[in-house]
Amino acid sequence: MKTKVKSPSIGYEFLRQRIKQNKSLKDLTNDDIDIIIFNQLQKIAENRGWIKSVPTSVFQHK
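Okay, so the sequence shown: first residue is -2 according to the numbering used here, each after it adds one.
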């Protein structure tokens, strides 16, 4: 029986907090941060053929 190994992932909120802690990016709104993260994920998706697209539902927060 094979065991599944869950790969470590960086949480979305963790990424948001790291961006907010950056002194040069302090003035960004949450929407700006969402755009930055989304664009970076899009670049990763383009570089890896097996990722077709990044789900935008991740970024539809209240």
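Quick reminder that beta carbons are idealized off the backbone N, C-alpha and C, glycines included.
ILE34 and LEU12 closer than 8 Å at C-beta: Contact: yes.
DSSP state of LEU25 mapped onto helix, strand, coil: coil
Delimiting residues of the alpha helix (DSSP H) encompassing ARG45: Note, ARG45: premise wrong, no alpha helix (DSSP H); not H, not E.
Buried or exposed (CB count within 10 angstroms, at least 16 for buried), ASP31: By the neighbour-count rule (16 or more Cβ atoms within 10 Å), ASP31 is buried.
Close Cβ partners of THR26 (< 6 Å) along its chain, the five nearest in sequence each way excluded: No residues qualify anywhere along the chain.
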